[in-house]
Every structure is written in C-alpha cells, then in structure tokens.
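Asker: Dropping the structure in here first, questions after.
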Amino acid sequence: MSTTLLVVQTLNGLQLGVLLFLIAAGLTLVFGVMDFINLAHGVQYMLGAYLAVTFFALTGSFLAALILALAAALLCGLLLEFLVFRHLYGRDHLDHVIATFGIILFINHGVKIVWGAAPLSLPIPDLFSGSVQLADGLLYPVWRLVTIGSGLAVAALLYVLVSHTRIGMLVRAGATNAAMVSALGVDIRRLFLIVFGFGAMLAGFAGIMIAPILSVDPGMGDTILILAFVVIVIGGIGSIRGAFLAALLIGLVDTLGRSFSVDILRLVMGPSPARTVGPALASMLIYLLMAVVLYVRPSGLFPAKGR
Amino acid sequence: MPPALSLATSPTPTRRRLEVLPIGIFLAFAVLPAAAPLAGGEHLLSLGSRVMIFAIAAVALDLLVGYGALISFGHAAFIGLGAYAVGILAAHGIGDALVSLPVALAVAALYAFLTGIVCLRTKGVYFIMITLAFGQMAFFTASSLAPYGGDDGLTIAARSTFAGFPLLKNERAFYYVVFVALLGTYLFCRALVGSRFGRVLRGAKENPVRMAAMGFDVYRFQLATYVIAGTLGGLSGFLLANASEFVSPAYMSWQRSGELIVMVLLGGLGSLNGAIIGTAAYLLTEEWLSGFTEDWKVIFGPVLVLVVLFARGGLIGVTAELWRRLGRD
Amino acid sequence: MTEAMLRLEGLRKKFGALVVTDDLTFDVRPNELHAVIGPNGAGKTTLINQISGLVAPDAGSIVFAGRDITTLPMHARAGMGLARTFQVSSILPGFSALENVALAVQARSGSSFRLLGGAATEPALNGPAMAALADVGLAERALTPAGQLSHGEKRALELAIALAMEPKLLLLDEPMAGTGRDETTRLVRVLGQLKGRFSVVLVEHDMTAVFALADRISVLIYGRIIATGAPAEVRADPRVVAAYLGDEME
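Protein sequences, first through last, are from chains F, H and E.
Our numbering applies: residue 1 is where the first sequence begins, and numbers increase by one.
Our numbering applies: residue 308 is where the second sequence begins, and numbers increase by one.
Our numbering applies: residue 637 is where the third sequence begins, and numbers increase by one.
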C-alpha cells in the first residue's frame, strides 16, 4: 500500500463523492420539498450522458455538447414532471415507487432502442486531457480534477442559492413544511417545478462530466441511483448539507474500501480468504454503513424535518 | 341491552362475494396440466410452475405491503437465499429436500429476523431504503461466492429428492408439488389475515399510534410478519432453484424486488388473490411480449405508470369497478 | 391518605425554545375525576401526551399506580391500565365500530399472537366490545365502518375504546371538542355514569361539563399548574379568574 495509491484513491473517492452529491442534491430536495420518491432520477443522469454523446457527434465541440445536453436534460425533466410526476404529488409513496420504476423501465429500454445496447464513449476535451503531476511520482488525470472542481463549484453555488436567496429560503422552508409554505401564499406548483428542473439539470450535469471517464451504457443510471439514495438516507432527507457530507463520506468509503479491503483484511486473515471476503465486503460496505446510521438515527444524520 | 351476537362479521363483507375468485384461480391452476398436451406441452407446465412459484413470494409480500403497509424493496433476497441453500447444499452432494427445504426456510427466516430488527426501527422511505440495502448485501455476497459460481451462478445437478425418491423429476409431479405449496401458502395467509394477529397488523397499517395506545407493541407484530414473509420467500426460492436447476445472484437483484412489488400491485394490494393474479399477469405478459422484442419493457414501463395513475386497485380493483358499473346498468 | 393513582413531579418539556411544560407537579387520586383547564396553548395536550407516553419529557418523573413509568413505552403503559382518548379522533376508519372496540378488548385478553382462527367472530372479544359500545350509546352503529361515523359518534367511539381497556386511569383529551349541544349533554351524562369507577383526567374547554363532573380542578397556564382544588374554590380563586376564567364564565 503506497502513499501514491492512497492519494490517488482518495482523490478518486472525492470525485465519486462530488458526483454523488450532484445527483443526491436534486433527489433530496425533490423528496424533501415535494415528498416525492423519484426512482427515475438516475435516468436523468443517464440521459445527460447520452445527450452529450449525441450533441458532441453533431457539433464536435464539448462545450457546445455540454450546454445543449444540459438544456435537453432540463427539457426531459420538465416533460416528465408535467406528464407524470405532478399527478403523483400527495399520493402514497408506493405509487411513486411503482410509477418511477415504470419510467426507469421505459427509458432504460428506450435508450437501448435509440442508441443501441453497446457502450458509448465521449472523448475528454483536449484542453483537459492528460495527467498533471501533483507531486513526485504522482500523476493524476486532469479531467478528474476538473470534475472535482466543477462539482465543488456547483456545491458552493447551491449553498449560496439555498442560504442567501429568497428562492433558496422558500426551498428550505418547503423542505421543512411544504403545506405551510403553500398556505403562506407561495405558488407551490412553480416552486416544485423550479426545484425539480434544477435537480434534473444537476443530475444531467453529473452524467455529462462522468461520460468521458466511464462508458455510457443503458444500465448506468441504476447503480448510481442506489448510491444516491443511500446518500440522502444517510444525510437526512431534505438536507443539502447532509447530502454533501454523506456523499463525500460514501464516495471515500466506497472507493477506499474497494481498493484496500483486501489489504486491510490481510492484517487479520490469510491472503486467500482475504481475497474472497474483501471484494464482497467492499461492495457491501456502504450498505452496512447505512444500516448502522439508520439504527442509531432512524431519520438520517441531518433530516430537514427534524428528529 | 346489546343486540344479539349473531355478529359473524368479517371486516369486509364484500370478501364473501369474491370467494369465487380464489376457487376459480386454483381450479385454473389445477386443470392446466390437462390442457398442456393441447397447447405447449412441457413448456406450458413449466410456465405454470414458474407463475405459481413467484406467486408464493408475491402472496408473502402482499402480507407486508398490502396488509402491513411495509414496502419491502428487498424481498427478492429471501427467494435468493432459499435458492442458494439448495444450490450450495447440492454442490456438496446433499440433494435431499428433507435437508435442503428446512435449511432454505431457516436461512430465510434468520435473515428476515436479523434484518427485520434493524429495518423495522425505521419508517417510510427510510424503511424502503434499508430493505433495499439488505437486499443488495445478499446480492453482493452471492456475487462474490466464487466457489459457488459468483456472478455467473451455479448449476444444480438434479432436482431435490424426497427421502431419496426423485419426486420432482417428473414435470407434472413438480407442478403439483408447487400447486400444493401455493395452496398451502394462500390458505395460511388467508387465515393469518383474519386472525387476532392479522387484525393487529391491519390495524397498525391504518393507525399505529392508536394500536400502541390500545396496548399493542406494533414492532413485535411487524417483525413476526416480516419473518413469516421472508420464510415464505425462502420456500419460493427452494422451488425456484428446483424449477430452473440453476441459481444466480440475479434472483436477488433490486430490480427483481421491484418486479415483485409490481406483481402484487398489478393484481391489487391487500387481497392475496390479487398477488396471484398480478404475478400471472406480469409473467404471462413478459412471456408473450418478449416473443416480439427483447425490449418489451419499453411498453411495460408506461403501462405501469398508467396503472398507478388510473387503476390503483390493480386488476381486481378495475374488475370490481366494472362489475359495479355493469350492475347499475 | 391513599396512594395517588398518578403523580407527576417536576415535569419539563421544551419544543425548541418553547417551554410547554414547566416544572409541573400534579397528582390524581384513585377514582377521582380530575379536570385540567387552561387557555389554548397552555400545554394540555402535551401533558396528556407525556402521561400516555406519546411524547417523552425532558425532565421529571411520572408515577402510575406506584410504578415509575417515565421511560416506559406507550403500549406498556396501556397494558398497565392507562387509557386515553385523542383530541382529534384517532380510530381505525376501515374497521367497524365493533372491531375498533374489540381490538381494545383483544389487547387485554390473552395473546394476540394467534395466527389462525377468525378474530372477528370471537364472542369473548365481541361481547365486552358490545357492552362498551352500549355504554356510550353506539350499540346500533356497531357494524358501521368507523370512518363513516359522524363526528360526535367518533368521539363516543374513542371513549368506548378506552372503556374496553378496563382502565385504572382514563385520560380524556377534549372529548367534547367540536360536538354539538345534544351530543355534549349525552357525553356528560355518560361520563357522569362512569364517575367513580376509575380515575379520570379530563382536559376540557367546556366549563359547564367541567363544573358538572369534576371532583377537583387544576388550572394549567403556560405549562404550569397555578391552582388545584375543588370546583368551588377554583372558581373563586382570584388568580384563576384573572388568568383564565374571567372571560370564560358569564
């Protein structure tokens, strides 16, 4: 276990964490403000990636692809909200789960029909390709740093928006007590739309940023969705701060766990059992973490509605 | 003076009229093998078995979701655990049901108990997520069991024997064993729902605070239900492993758990009959549509959405509504 | 002096910065009907919630029938004979009125871990349930789904459920809330008939009912009890009149 590997994996963990935050932020707000379980949020992330691939093929420019894909992702999100989601507010959580599950099926397979089942890729823009030397013998891909940086920038932007603007205040109030906010005369429908649209864009943005690193395939939304839900459950529903902390925690625990589980287990057991148990334990690590957190705090760490 | 106690009331008198339904369902299952030679032969039999096997799990899930308002998104794990019990024992040369069935049930029950203790401390979406988490844990554990196939799964040499007797080898015999299992499961759950225990569970679904104020420790009842549902899932898994002579981590994926919830919802929550009907509807649709395209779920997805938006009571609800409307005209 | 059925000592409860129960000391004697009155927001429902176990106090102790129940969960307190009604009717709307009460009987009649055998037709449960319904005048409505009962009938059902629990102490949280004059008169009569069978804590705004029924009255203002005594004393107490009764009494 070298320090270089440790640093690299820590940075990778941060990158995953930042990515998870972008997705979890929209999810936790939608849940907090509209009390709506959106399993289809992962689909927004996936659509962002696919749209970026298409627009890049059309324009040849990453920047153009980014902007167009963001706009298109926003449009898709609003369309979903208009057609399906807004009819489900106030209904049983089970209805949300099933309906959004249906949306996942529809879009996952729809994407397969439109773009094919083979994984696609998006090239890293030339400006950010290659690696940079962070320290002696430590090379790290520029694009990953860009991802981390842009993610943190968005997080900061979100923080400013939520704590220092009027809309942000309404969102925070809505996450604590939507009925009251509506009773106070705020157009709750418009607030929902704004929250939803913004969340969809954040997820799409995450998908676009990750597309050059991961392969873009029809199942990519599902795995990240589960992780995002784990994040918001640990962080506490409706809380951006909780989502941020939990996302970084999960990103680090998952990445470092996967890299070093075998090594750590070798300290207590033989190399062969460690090699079997290690990867299994690593994939379960975040779920174990969630189980422990929920046992101690059944509503997560920083729930917006209080404990 | 209180009126005479000829109050042989069940909570929902309409249930009497619908007794026709379960009789019809089981009759249909019972005579299916007779129709087999005419349409599909062994394939029809194995499809029928498959429907009944999943129906067992769906009925168990209906106890949780429909009667207990506990939306478990990890139910497939119990099916997988039961199946793997069979597979792992078979890999070590133990192929008799007298061993593997109790083991399958015990493993599922134990997992349900241990995870239920944690899960039931939470409510709402937190409950959904934590059941999902435990389902994932089972999934990943199975995926990492390299000696037992890992991701690729494990083939089972032969179906379970009963005290050495290869009862399940014959497709028709297997079908009837599954039939008996489903019938038994259904009757047990029916009795459970109407019992003292079931009444507390149903009451807790409507108003848990009121139940506690009456003196019921709701947690204990929910935990017991969770263990019962999990054990029945294990039964389903035992039969599934025998049906396909193969076990795989995919049996426990969260998508599978989602599909199980869909099966229950499709038929109509909280009626047990609905769970069976919904399972049949789902699997038959899958069988039919996948003949056309691998991506049949593109059509099924929006269907689900429409069901949730407009046909909330599932097939039973819609039929009952139509029946009522026709009765009026 | 017989042992108090219920004794609260130094009970404290804050919600955020709001002190709802402020160093409250209170006792209820066996078989007495002890009314608690006070303006809205005085903390009456929170007091009931703390006694029944729905809300945990921040400090202080609750002793019921000689046993410290401060940390005991709600269902355990109910099992000991502590019954309550809710200010906003909390019944099981999908079940019939009879089944609502039968469930309360079931809680006290042996194990509910019976997985087979129809509960709905058990005479051992339905018998006492019908008796409780008759006590509150709901016998004819036994088979009606509770969700379809009128508001006043639901309040009566709440009472029937509590009675079926054979309580040692009954907590009534504004049983007359929202009931019309006829219904109120009927409830007062029912409560009058129940008087002396067990201890009752009656939280109410309806002063006619309170003065007709209470053995003792405690006045709760801003989370504190400022006076306790027989109805005549309390009515005449200048502090009480100033703080609360001045506007209420004609």
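Note that the Cβ used here is the ideal one computed from N, Cα and C, for glycine as well.
Given that arginine 720 of chain E touches chain H, what residues does it touch there, using C-beta distances under 9 Å?
Answerer: Chain H residues near arginine 720 of chain E: Ala520.
Asker: Using only the alpha-carbon positions, how far apart do leucine 68 of chain F and glycine 90 of chain F sit?
Answerer: Cα-Cα distance, rounded: 33 Å.
Asker: Going by beta-carbon coordinates alone, are methionine 46 of chain F and valine 111 of chain F separated by less than 8 Å?
Answerer: It is a contact, given that the beta carbons lie within the stated cut-off.
Asker: Could you say which of H/Asn477, H/Lys512, H/Gly541, H/Ser555 lies nearest to glycine 460 of chain H if we only look at CA atoms?
Answerer: Nearest option by C-alpha distance: H/Ser555.
Asker: Comparing alpha-carbon positions, which option in E/Ser726, E/His670, E/Thr707 lies nearest phenylalanine 662 of chain E?
Answerer: For phenylalanine 662 of chain E, the nearest C-alpha among the options comes from E/His670.
Asker: What separation, rounded to the nearest whole angstrom, lies between the Cα atoms of valine 484 of chain H and proline 340 of chain H?
Answerer: C-alpha separation (whole angstroms): 13 Å.
Asker: Taking 8 Å as the threshold (beta carbon to beta carbon), is aspartate 458 of chain H in contact with chain E?
Answerer: It does not; no Cβ of chain E falls within 8 Å.
Asker: Using the beta-carbon count (16 or more within 10 Å), is methionine 209 of chain F buried or exposed?
Answerer: Buried: at least 16 other Cβ atoms inside 10 Å.
Asker: Return the residues of the stretch 517-545 of chain H that lie within a Cβ-Cβ distance of less than 8 Å from chain F, sorted by chain order.
Answerer: Here the close residues number zero.
Asker: According to DSSP, simplified to helix, strand and coil, what is lysine 831 of chain E?
Answerer: Looking at lysine 831 of chain E - three-state DSSP - the assignment turns out to be strand.
Asker: What does the Cβ neighbour count give for histidine 164 of chain F, buried or exposed, with the cut at 16 atoms within 10 Å?
Answerer: So histidine 164 of chain F ends up on the exposed side.
Asker: Give, in chain order, every residue of the stretch 482-504 of chain H whose Cβ lies closer than 9 Å to some Cβ of chain E.
Answerer: Going along the stretch 482-504 of chain H in chain order, one finds Phe495, Ala498, Leu499, Gly501, Ser502, Arg503, Phe504 with a Cβ nearer than 9 Å to chain E.
Asker: Within the same chain, show all residues whose beta-carbon is closer than 8 Å to that of arginine 275 of chain F, passing over the 5 residues directly before and after it, in chain order.
Answerer: The residues are Val262.
Asker: Shorter than 8 Å from the beta carbon of methionine 641 of chain E to some beta carbon of chain H?
Answerer: No - not a single Cβ of chain H is within 8 Å of the one on methionine 641 of chain E.
Asker: Identify whether serine 182 of chain F lies in helix, strand or coil by the three-state DSSP scheme.
Answerer: Correct three-state label for serine 182 of chain F: helix.
Asker: For serine 697 of chain E, list the residues DSSP reports as bridge partners.
Answerer: Answer by DSSP bridge pairing, in chain order: E/Glu645.
Asker: Using 8 Å as the threshold, is the C-beta distance between arginine 860 of chain E and aspartate 694 of chain E below it?
Answerer: Result no, Cβ atoms of arginine 860 of chain E and aspartate 694 of chain E do not sit closer than 8 Å.
Asker: With 8 Å as the threshold, decide whether the Cβ of methionine 359 of chain H is near any Cβ in chain F.
Answerer: Judged by the 8 Å Cβ criterion, methionine 359 of chain H is not in contact with chain F.
Asker: Within its chain, find whatever has a CB closer than 7 Å to the CB of valine 331 of chain F; leave out the 5 residues flanking it on each side and keep chain order.
Answerer: An answer regarding residue 331 of chain F cannot be provided, because it is not within the stretch 1 to 307 covered by chain F.
Asker: Which residue spans inside the stretch 712-789 of chain E form an unbroken alpha helix (DSSP H) run of at least 4?
Answerer: Here the runs fully enclosed are 733-743, 759-771.
Asker: Where does isoleucine 673 of chain E sit, in a helix, a strand or coil, going by DSSP?
Answerer: Three-state result, isoleucine 673 of chain E: strand.
Asker: Could you compute how far the alpha carbon of proline 911 of chain E sits from the alpha carbon of glutamine 829 of chain E?
Answerer: Past the boundaries of the shown model lies residue 911 of chain E; chain E is included only from 637 to 886, so the question cannot be answered.
Asker: For alanine 813 of chain E, which residues in the same chain have their Cβ closer than 7 Å to its Cβ, ignoring the five residues on either side in sequence?
Answerer: The answer, listed in chain order, is Gln723.
Asker: Using the rule of at least 16 other Cβ atoms within 10 Å of the residue's Cβ for burial, across every protein chain shown, is histidine 711 of chain E buried or exposed?
Answerer: That one is buried.
Asker: For the candidate residues F/Val7, F/Asn108, F/Asp254, whose alpha-carbon lies nearest to that of glycine 116 of chain F?
Answerer: The candidate whose alpha carbon is nearest that of glycine 116 of chain F is F/Asn108.
Asker: Helix, strand or coil for tyrosine 858 of chain E per DSSP?
Answerer: DSSP places tyrosine 858 of chain E in coil when its eight states are reduced to three.
Asker: Would you kindly work out how many angstroms separate the C-alpha atoms of leucine 308 of chain F and histidine 41 of chain F, rounded to a whole number?
Answerer: This structure leaves residue 308 of chain F out entirely; chain F is present only between 1 and 307.
Asker: Could you check how far apart the C-beta atoms of phenylalanine 469 of chain H and alanine 404 of chain H are, in whole angstroms? I think they sit under 8 Å.
Answerer: Confirmed, Cβ separation roughly 5 Å.
Asker: Rounded C-beta distance between glycine 375 of chain H and alanine 743 of chain E? I'm assuming under 8 Å.
Answerer: Between alanine 743 of chain E and glycine 375 of chain H the Cβ distance is about 18 Å, and since that is not below 8 Å, they are no contact.
Asker: Measure how close the beta-carbons of isoleucine 728 of chain E and arginine 466 of chain H come, nearest whole angstrom, since I'm counting them as under 8 Å.
Answerer: Reading off the sequence, residue 728 of chain E comes out as leucine, not isoleucine. With 8 Å as the limit, leucine 728 of chain E and arginine 466 of chain H do not qualify as a contact, their Cβ atoms being about 46 Å apart.
Asker: Looking at chain E, is there any beta carbon in it that lies within less than 8 Å of the beta carbon of arginine 631 of chain H?
Answerer: Taking Cβ atoms only, chain E never reaches closer than 8 Å to arginine 631 of chain H, which makes this a no.
Asker: According to DSSP, is isoleucine 188 of chain F part of a helix, a strand, or is it coil?
Answerer: Helix.
Asker: Does the structure place the stretch 831-839 of chain E close enough to the stretch 735-754 of chain E that three or more beta carbon pairs sit under 8 Å?
Answerer: The stretch 735-754 of chain E is not in contact with the stretch 831-839 of chain E.
Asker: Within 8 Å, do at least three Cβ pairs link the stretch 491-509 of chain H to the stretch 769-783 of chain E?
Answerer: At 8 Å Cβ cutoff, the stretches do not touch.
Asker: Determine, using beta-carbon pairs with one atom in the stretch 438-450 of chain H and one in the stretch 277-293 of chain F, whether at least three such pairs fall under 8 Å.
Answerer: The stretch 438-450 of chain H vs the stretch 277-293 of chain F: in contact.
Asker: Between serine 366 of chain F and chain H, is any beta-carbon pair separated by less than 8 Å?
Answerer: As displayed, chain F neither begins before 1 nor continues past 307, which places residue 366 of chain F out of reach and without an answer.
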